[in-house]
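Position in the sequence shown counted from 1, then plus 21, gives you my numbering. Where is the CB? At the ideal position from N, CA and C, for every residue including glycine. Here is the structure we will look at.
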Amino acid sequence: MFYLALIGLLAILILLLVNYDVLFQYGKTQNLPAVKMYRRFLFAVLAYYISDTLWGVFSELNLFNLLFANVVIYYIVMAAGILTWTWYVVTYLGEEHKFGKFLLWTGRIFFVVITLASLASISTPVLFWFDDAGEYHACPARYAQLIFQIVLFLLTAAYTFSAMLRLEGTIKKRHRTICFFGLVIAVALILQLEFLFIPMYTIGYMLGTCLLHTFVISERMEEYRQASLESLRREKEAAEQASQAKSEFLSNMSHEIRTPINAVLGMNELILRECEDENILSYAENVRSSGNTLLGLINDILDFSKIEAGKIDIIPVDYDLSSTLNDMVVMIHNRADDKGLAFNVNFDSNIPKQLFGDEVRIKQVITNILTNAVKYTETGSVTFSVGFDRCEDDPDCIILHVKVKDTGIGIKPEDMEKLFSKFERIEEKRNRNIEGTGLGMTITKNLLDMMGSYLQVESTYGVGSTFFFDLRQKVGNWEPLGDYRTSVNVLLKEHKKYKEKFTAPDANVLVVDDNSMNLTVFKSLLKRTKIKIDTADSGDEALQMTKSKMYDMIFLDHMMPGKDGIETLHEIKEQAEGLNDCTVSVCLTANAVSGAREQYIAAGFDNYLTKPIHPSKLEDMLMAYLPGDKLIISGEDDVDTDDEDEQDNVPESLAPLVGLEWIDLSKGIKNSGSSEYYMPLLKIFYESIEEDTGIVDGFYTDGNINDYTIKVHAMKSSARLIGAETIAEEAQLLENAGKAGDLDYINQHHKAFIATYRSFKEPLSLVFAENDKEDIAANDVAEDANDNTEDDMPEADAELMDTVYEEVKASAEANDAESIEAVFAEIEGYRLPDSDAELCQKIRSAAENSDFEAILTLLSER
């Protein structure tokens, strides 16, 4: 019976080759219940093939004891094949049908009965027996078993056929194949009854499993593979959308946080430039250092895409160590004082003062460590130490030794691994009242790795911790640090003598921003450079100005209603006049996340500046792009002698607003730098109330949510700048709703917002109406004085007036309001004829509103 072994081996080989993917690549199909059950069926068939092969081998070798045991197994695995087949069919059809349940339970009962009968045959012939010569004999129960198997296969075929009648297409073809498999096996078993020693069952299985794999399983697995790919594609798209949403969120958050900081730091810079009071200068310098540190933190936290992508760059620059240390001490000292902690500093006075490295990242690393030390220390002290050693391999380098020691809660040995885990904090329950995201130490570790260093920790739980690292830095100047506080005071005195880096009285610059307060800050920062600055509050207005005047540089805000900065730039470059198609353009933006620079350069800008605008960077950019023949570089020894103002308290003119709940005057003055700067900003707010509410109401009526959101954003910034925090918060909620497309919220709150905003005009009118009366009275006095002296003035003759009008016309054609005013200033010593006096007054009024077309019309009608 060696032929049984050969046929069995062939069957095993075919099964493994055809069904390898189902049998041994289970991970790809484990979520398919029917395929999972078919895999069990295949293993039962494989076991049957093996026992059938061993039957032939043991018979040929006369190993009767092994043969007897193998026959027992043969009957059991044959029954297992019937069980798993019925189970597969019922699972594949997936129907909660009574007949299906009947088939399943029949298969289970059949398996149990045959297993018991096979085991019983060991002692009593039930299914088979062997004679003394070792010959195999089948009992009557064996034939009953085969008949019962035939019936079960026919029933599964009939069950599948009934389901097939209700289907169409590919699924119907698969059901037909399963039905055909049942019939093939049933026929094989009938032949097996006639030819007991011919392996018809095995041959039937070989044919049937090949058909099933080809027309059912492989197609089902391919469908599953395609579905998996589609699922992965959708997941990838969802992840990309989430990433995009995150980037947009970070961009918006960056814009939201930077916009108010722009005003705060801009006005604070004016205080540093113009104030002589040492106390105020000290306060302003602390505001500047803390504000810049806040910006550094915003850059790192909000630009989390850089952290995830590993795109944080180490940018070494020359820096003053005394200033760096002072910035950190100022920030941490106040926090330590608030908790009643002693904050000790121990700086080696011989450390070189001028170093070369990434000052921003170094400050971020040390600040993170110091902040953690203060947060996790309840009593005792925090000690900040900085020392150094010279590098043996490079005479121009040192190794900075930075150490922060605290008497805080310490760290358990088992918690050390959590120290550098993202979003995970040590002893969460104990420290639940301590703020923080759990990112600080992870960022610190990564930054130190990028700078070629690593953070070391020594800690005793309940006693305290010491964090320390060594950092290689180049030396720019070997002048020793000395007393760092003295060095800082020297820097503070230098701030009092601010001097612009250059002047450019012949340069023409256009600044476009929908927020008039931002325009005021921009002009204030550059007022000492004497640059001629034109302003526009929309892209359309800018386009009108660039048609008739050539500029040396154009600064465009990115987010504006109507045309944004990018659209405006493209239209400027496409203008038929072509006056500014090659003009240097710079984008002003609060979008500081990764990829912003590439975005603006790709859009056609030459460069960009982030808000809040750093005065020094603004001047550097102007020096880099303005024509060289228009720049007058300031001398280093020049001393500024302009009058400087101190920050005022609330002036008497604001008395009608004192005590009102909707406005915090002190906060508004602080935001603006002084009451002198606050008053014009407040007046701009007052005069723009009707216009702004009308515009945003129009956007709401038209359903233009995009421009509605942008305009509400601008109104929010203006309100915050003057100290109207309550309405600013309402605007913030409306802006958030606009960005999220939450029309229900906008519909519910828009009218109330507009009504509240417009209600501010009445109390503000009490301030500015009174000021207008004072101005009128002053003018009346001046007019009386003029009346007394006019008779003594020489009269302007026709020739002089012709010259004046020619100069005014040339200035109007150049859109130069300042030159027009200068022309009229030159003839203030002359008495004008009545007709000329009236015309000049009209021209001056038009010049104040930059209505140059009206001026040209007046001159042409003269």
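Put residue i into one of helix, strand or coil per three-state DSSP.
{"i": "histidine 771", "result": "helix"}
{"i": "glutamine 753", "result": "helix"}
{"i": "alanine 363", "result": "strand"}
{"i": "tyrosine 646", "result": "helix"}
{"i": "arginine 865", "result": "helix"}
{"i": "glycine 970", "result": "Residue 970 lies beyond the stretch modelled for the chain, which goes from 22 to 883, so this question has no answer here."}
{"i": "alanine 154", "result": "coil"}
{"i": "aspartate 427", "result": "strand"}
{"i": "lysine 632", "result": "coil"}
{"i": "valine 147", "result": "coil"}
{"i": "alanine 528", "result": "coil"}
{"i": "glycine 457", "result": "Below a pLDDT of 50, predicted positions are generally treated as unreliable, and glycine 457, at 43, falls in that range; the measurement from the model is reported next regardless. Glycine 457: coil per DSSP, three-state reduction."}
{"i": "tyrosine 70", "result": "helix"}
{"i": "glycine 744", "result": "coil"}
{"i": "glutamate 874", "result": "helix"}
{"i": "isoleucine 654", "result": "strand"}
Please identify the residue among the options whose C-alpha is closest to the C-alpha of residue i.
{"i": "aspartate 713", "options": "Pro373, Val134 and Phe781", "result": "Phe781"}
{"i": "glutamate 215", "options": "Leu167, Leu173, Asp627 and Leu675", "result": "Leu167"}
{"i": "alanine 735", "options": "Met581, Tyr778 and Glu290", "result": "Met581"}
{"i": "glutamate 521", "options": "Lys548, Asn536 and Tyr475", "result": "Lys548"}
{"i": "aspartate 358", "options": "Ile387, Cys608 and Ser402", "result": "Ser402"}
{"i": "aspartate 602", "options": "Gln620, Thr878 and Gly625", "result": "Gly625"}
{"i": "threonine 223", "options": "Ala32, Tyr157 and Val496", "result": "Ala32"}
{"i": "asparagine 725", "options": "His118, Leu764 and Leu853", "result": "Leu764"}
{"i": "tyrosine 59", "options": "Val43, Asp718, Lys384 and Asp650", "result": "Val43"}
{"i": "glutamate 438", "options": "Ile634, Ile282, Ser606 and Lys466", "result": "Lys466"}
{"i": "valine 351", "options": "Glu306, Asp341 and Ala141", "result": "Glu306"}
{"i": "leucine 681", "options": "Trp106, Glu746 and Ser144", "result": "Glu746"}
{"i": "phenylalanine 488", "options": "Glu479, Leu286, Val496 and Arg411", "result": "Glu479"}
Quick one: Cα of residue i to Cα of residue j, how far?
{"i": "leucine 212", "j": "methionine 221", "result": "7 Å"}
{"i": "isoleucine 301", "j": "valine 308", "result": "10 Å"}
{"i": "aspartate 805", "j": "leucine 703", "result": "At aspartate 805, the pLDDT of 49 sits below 50, so the modelled position is not reliable; the number obtained from the coordinates is stated separately. Roughly 31 Å between the two C-alpha positions."}
{"i": "leucine 27", "j": "glutamate 81", "result": "12 Å"}
{"i": "valine 825", "j": "leucine 678", "result": "45 Å"}
{"i": "isoleucine 748", "j": "alanine 740", "result": "7 Å"}
{"i": "alanine 90", "j": "arginine 241", "result": "38 Å"}
{"i": "threonine 722", "j": "threonine 730", "result": "13 Å"}
{"i": "methionine 227", "j": "isoleucine 35", "result": "7 Å"}
{"i": "leucine 186", "j": "leucine 176", "result": "16 Å"}
{"i": "glutamate 882", "j": "aspartate 823", "result": "14 Å"}
{"i": "leucine 87", "j": "isoleucine 94", "result": "11 Å"}
{"i": "alanine 776", "j": "asparagine 727", "result": "21 Å"}
{"i": "glycine 1", "j": "alanine 761", "result": "Here the chain covers residues 22 to 883 and nothing more, so residue 1 does not appear."}
{"i": "alanine 846", "j": "lysine 570", "result": "24 Å"}
{"i": "lysine 866", "j": "alanine 557", "result": "In the sequence as presented, lysine is not what sits at residue 866; that position holds serine. Rounded to the nearest angstrom, the two C-alpha atoms are 19 Å apart."}
{"i": "leucine 860", "j": "leucine 877", "result": "12 Å"}
{"i": "valine 425", "j": "isoleucine 292", "result": "34 Å"}
{"i": "proline 854", "j": "leucine 879", "result": "17 Å"}
{"i": "aspartate 527", "j": "aspartate 417", "result": "45 Å"}
{"i": "valine 133", "j": "glycine 155", "result": "28 Å"}
{"i": "glycine 473", "j": "aspartate 436", "result": "25 Å"}
{"i": "serine 249", "j": "leucine 37", "result": "25 Å"}
{"i": "phenylalanine 120", "j": "glutamate 244", "result": "28 Å"}
{"i": "lysine 396", "j": "valine 386", "result": "16 Å"}
{"i": "serine 139", "j": "arginine 163", "result": "10 Å"}
{"i": "aspartate 857", "j": "tyrosine 629", "result": "47 Å"}
{"i": "leucine 124", "j": "leucine 173", "result": "8 Å"}
{"i": "cysteine 296", "j": "leucine 540", "result": "22 Å"}
Under 7 Å from any heavy atom of the ligand ADP, does the C-beta of residue i make it?
{"i": "phenylalanine 216", "result": "Among the components modelled here there is no ligand, and therefore nothing to report on the ligand ADP."}
Contact the region 574-588 vs the region 532-543: 3+ CB pairs below 8 Å: Taking one beta carbon from each stretch, the region 574-588 and the region 532-543 have 3 or more pairs nearer than 8 Å; the two touch.
Complete runs of the alpha helix (DSSP H) confined to the region 549-620 [at least 4 residues]: Taken in chain order, the unbroken stretches of alpha helix (DSSP H) that lie wholly in the region 549-620 and span 4 residues or more are 560-569 and 586-594.
Inter-stretch contact at 8 Å, needing at least 3 Cβ pairs: the region 96-112 / the region 173-188: Because the criterion of three Cβ pairs below 8 Å is met, the region 96-112 and the region 173-188 touch.
Contained alpha helix (DSSP H) runs [length at least 4] in the region 670-738, N- to C-terminal order: Runs of the alpha helix (DSSP H) inside the region 670-738: 686-693 and 696-723.
Three-pair Cβ contact test at 8 Å for the region 427-434 versus the region 470-489: With the cut-off at 8 Å, the region 427-434 and the region 470-489 touch.
Stretch-stretch touch, CB-based, cutoff 8 Å, three pairs: the region 404-420 with the region 362-375: Touching, per the Cβ criterion.
3 or more residues per run - each beta strand (DSSP E) lying fully within the region 356-402: Runs of the beta strand (DSSP E) lying entirely within the region 356-402, each at least 3 residues long, are 363-368 and 373-378 in chain order.
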